[in-house]
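Here is the structure we will look at, set down as structure tokens.
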Amino acid sequence: MTKLEFWQGNTACAEGALAAGCRFFGCYPITPSTEVAEHMAVKLPKKNGIFIQMEDEIASMAAIIGASWTGMRAMTATSGPGFSLMMENIGFAAMTETPCVIVNIQRGGPSTGQPTMAAQGDMMQCRFGSHGDYSVIALCPASVQEMYELTARAFDLADQYRVPVFLMADEIIGHMRERITIPDKVAQTPRRELEKGVLPFQPDAQLIPGFATFGKGYGVHVTGLTHDEQGYPCTTNPKVHAALVQRLVDKIENARTAIADYDVVNPDAEQVFVAYGAPVRTVRQVLHDNPRANIGLLQLRTVWPFPEHALTIFKHAKVFLVPELNLGQIAREIDRHVKVPVVSLPKLGGDLHTPSDLVAALEAHK
Amino acid sequence: MRHEIRFSGFGGQGIILSAVILGRAAVMYDNKHAVQTQVYGPEARGGASMSAVIIDEEPIFFPKVTMPDIYVIMSQEGFEKYGAGAPEDAVMVLDSSLVHSRPKCTCYEIPATREAKQVLGRDIVANIVMLGALVRVTGIVSEAALEKAILDSVPKGTEALNIKAMKKGIELAATAGSKP
């Protein structure tokens, strides 16, 4: 049995998190993500969960990291300025391999920019925003339905890979209301617990250590300093540092095929759009209005790790067109992986590309 | 067929709730698709407020309103900002007790705020009067669907008043007649 609803994207995000077992939400409210917090504040206490409004986004990130180490599924939600503040502790989560979910309902930046307008300007920040080398997972919903489904999946990915997972939505998808079908139940794969006799940061074959939950009897040291498999600081041994950072990257990058989530339309097309988030909606409108045209779409629901193998599906592609609400952040990534021209179709200011914008781009790049 | 409905008035009239109720009626009770959007701005209280709904039997891809074919206008400033440019083949339902301008398109004059205040005793339900009128003149959703969506959305204890307001709107629209 499923249930029909008419929900806002941000409501669907909160409900997706609750369905996935999220029971801790720490945040500092910010437009256009505030409805996620409002919904969690109402719902979490009724589910024996904890909602806490922290003093800022640095503390919000710290709160969900702490909650995660007690075994809880934990999430925060923010937008540009708050996202910038979170970067320090996002690095801490990456280094300590703490599963957590960070929702970013993107608005126009830099700085406080356009609080009520849509953007996708944080796509590179979510990949590289904290210092040092590491890898993360980022998901991009293009509908209210996907807000629900991808938020729920984010928790499984965070637990499976012990990594911060980002839900990189935008103001358009976060604020619009539309039809959504809610499943009875969301599948949950719990975190793998640390086995007896194994060191707390000793990786398995997939390069991921078992989780030593606080309060279950483990004496585990959790530090942002370079650490050995026991968890103790080991900051001057080049081999230990190189192996640790390489593993943090490889555990994600080696799994990019398994993590990848995308949708392919017209794989034989010569002109192919690659899109994620709100611009997907305009591309789908163009495909719908021009059913006989030879136009393809690669919709990326996973943007990081970048699913480059999906680009090879379009064997006849002569050009990749990339509409983004930024100045070409992912277009540049695509360009690294293909030999044919990649055309960035940037849009700044908060408006979505119109169907005629994209039809004009198809004409210009025939 | 895709219909784009734009609501405008001043902050506090329930312009956004009107759009949410209409979208909810279409999705939950008429098995259609709808996308509701709104202008988020510092003018939320008192200034011109605008919200929109797209309703279609088919899934809706492009979520933004491009050229509305139906307008619900509840203030003079809202008319000037969001209603004056309505094309000739559009349909407008306007609150004739608050808007003195008239559009080039087909227009139904509904004295919603006056009737809500004088007949129903609460001007706060003027937006529901307008929704009743809108559904009567356009058939964009069924009256049964609208009634259920209103009941889902209004505060407890105000159900009877709101249904009365909806019926008032239907009645006013039946006698308003259209003016080109």
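From first to last, the protein sequence lines are chains E and Z.
So that you can map any letter, position 84 of the first sequence is 84 in the working numbering, and since no number is skipped, the others follow by simple counting.
So that you can map any letter, position 69 of the second sequence is 1069 in the working numbering, and since no number is skipped, the others follow by simple counting.
Positions of the beta carbon are idealized from the N, C-alpha and C atoms, including for glycine.
**OP:** To the nearest angstrom, report how far apart A987 (chain Z) and Y1029 (chain Z) are at their CA atoms.
**Re:** Given that chain Z is displayed from residue 1001 to residue 1180, the structure contains no residue 987 (chain Z) and the question cannot be resolved.
Subject >> Identity of the residue in E:H309, E:L248 and E:P341 nearest S135 (chain E) by Cα >> reply: E:L248
Original post:
Sorted by chain position, which residues of the same chain lie with C-beta nearer than 6 Å to S1051 (chain Z)'s C-beta, five sequence neighbours on each side aside?
Top reply: F1007, I1015, I1016, A1019 and Q1038
**OP:** Could you please give the first and the last residue of the uninterrupted alpha helix (DSSP H) stretch that includes H241 (chain E)?
**Re:** P238 to E253
**OP:** Can you give me the start and stop residues for the beta strand (DSSP E) that K3 (chain E) sits inside?
**Re:** K3 to Q8
Original post:
At a Cβ threshold of 8 Å, is Q120 (chain E) touching chain Z?
Top reply: no
Subject >> Touch test, the region 142-162 of chain E against the region 112-121 of chain E, Cβ-Cβ under 8 Å, three pairs minimum >> reply: no
Subject >> Within 8 Å, strictly: CB atoms of G108 (chain E) and I30 (chain E) >> reply: no
Subject >> chain Z contact for E35 (chain E) (CB, 8 Å cutoff) >> reply: no
Subject >> V286 (chain E) vs L358 (chain E) beta-carbon contact at 8 Å >> reply: Remark: C-beta atoms of V286 (chain E) and L358 (chain E) approach each other more closely than 8 Å.
Original post:
Which same chain residues, not among the five before or five after S1153 (chain Z), have their C-beta less than 8 Å away from its C-beta?
Top reply: L1017, V1020, I1021 and R1024
Subject >> Cβ of R179 (chain E) within 8 Å of any chain Z Cβ >> reply: It does; some Cβ of chain Z falls within 8 Å.
Original post:
Going by beta carbon distance, what residues of the same chain come within less than 6 Å of S1075 (chain Z), once the five residues before and after it are set aside?
Top reply: G1009, F1010 and L1098
**OP:** Determine which residues of the region 1048-1065 of chain Z have a Cβ less than 8 Å from any Cβ of chain E, and write them out in chain order.
**Re:** I1060, F1061, F1062, P1063 and K1064
Subject >> Through-space distance from E324 (chain E) to M87 (chain E), alpha-carbon basis >> reply: Straight through space, the alpha carbons of E324 (chain E) and M87 (chain E) are spaced by roughly 23 Å.
Original post:
Taking the C-alpha atoms as reference points, what is the distance between V338 (chain E) and A1149 (chain Z)?
Top reply: 50 Å
Original post:
F273 (chain E) versus chain Z: which residues are under 9 Å apart at the beta carbon?
Top reply: Chain Z residues near F273 (chain E): none, gap ~13 Å exceeds 9 Å.
Original post:
Checking contacts by CB at 8 Å: is Q285 (chain E) closer than that to chain Z?
Top reply: yes
Subject >> CB-CB length for M54 (chain E) against C27 (chain E), believed under 8 Å >> reply: 7 Å
Original post:
The beta strand (DSSP E) spanning E1115 (chain Z) covers which residue range?
Top reply: Segment A1112 to Q1118 is the alpha helix (DSSP H) holding E1115 (chain Z); no beta strand (DSSP E) there.
Original post:
With respect to the alpha helix (DSSP H) encompassing F155 (chain E), which residues constitute its N-terminal and C-terminal limits?
Top reply: V144 to Y161
Original post:
Would you call the CB atoms of I105 (chain E) and N10 (chain E) closer than 8 Å?
Top reply: yes
Subject >> Interface flag, T302 (chain E) vs chain Z, CB-CB below 8 Å >> reply: Contacts with chain Z at 8 Å (Cβ-Cβ) do not include T302 (chain E).
Original post:
Do V322 (chain E) and A331 (chain E) have their CB atoms nearer than 8 Å?
Top reply: yes
Original post:
By DSSP, does I208 (chain E) sit in helix, in strand, or in coil?
Top reply: coil
Subject >> Neighbour flag for R292 (chain E) against chain Z, beta carbons, 8 Å >> reply: The Cβ of R292 (chain E) sits no closer than 8 Å to any Cβ of chain Z.
Subject >> Test item: CB-CB of A454 (chain E) and G49 (chain E) under 8 Å >> reply: Nothing about residue 454 (chain E) can be read from this structure; chain E reaches only from 1 to 366.
Original post:
Excluding the five sequence neighbours on either side, which residues of its own chain have a C-beta within less than 6 Å of the C-beta of A41 (chain E), listed in chain order?
Top reply: F51
**OP:** May I ask which residues mark the beginning and end of the alpha helix (DSSP H) holding G26 (chain E)?
**Re:** Element bounds for G26 (chain E): not the alpha helix (DSSP H) but the beta strand (DSSP E), C22 to C27.
**OP:** Tell me whether P190 (chain E) counts as near the ligand FAD, meaning its Cβ is closer than 7 Å to at least one heavy atom of that ligand.
**Re:** With respect to the ligand FAD, the structure offers nothing, as it holds no ligand at all.
Original post:
Considering C126 (chain E), what are the terminal residues of the alpha helix (DSSP H) in which it resides?
Top reply: M123 to F128
Original post:
Exposed or buried, which one is A398 (chain E) when buried takes at least 16 other CB atoms within 10 Å?
Top reply: Residue 398 (chain E) falls outside the range modelled here, since chain E spans only 1 to 366, and no answer is possible.
Original post:
For F1061 (chain Z), which three-state DSSP category applies?
Top reply: In the structure shown, F1061 (chain Z) sits in coil (DSSP, three-state: anything other than H, G, I, E or B).
Original post:
Mind checking V1119 (chain Z): buried by the 16 CB within 10 Å criterion, or exposed?
Top reply: exposed
Original post:
Given a limit of 7 Å on CB to CB distance, which residues of the region 1017-1034 of chain Z reach chain E?
Top reply: So the close ones are V1020, G1023, R1024, V1027, M1028, H1033 and A1034.
**OP:** Anything in chain Z within Cβ reach of R281 (chain E), meaning under 7 Å, just list it in chain order.
**Re:** Around R281 (chain E), the beta-carbon contacts reaching into chain Z at under 7 Å are F1061, F1062 and P1063.
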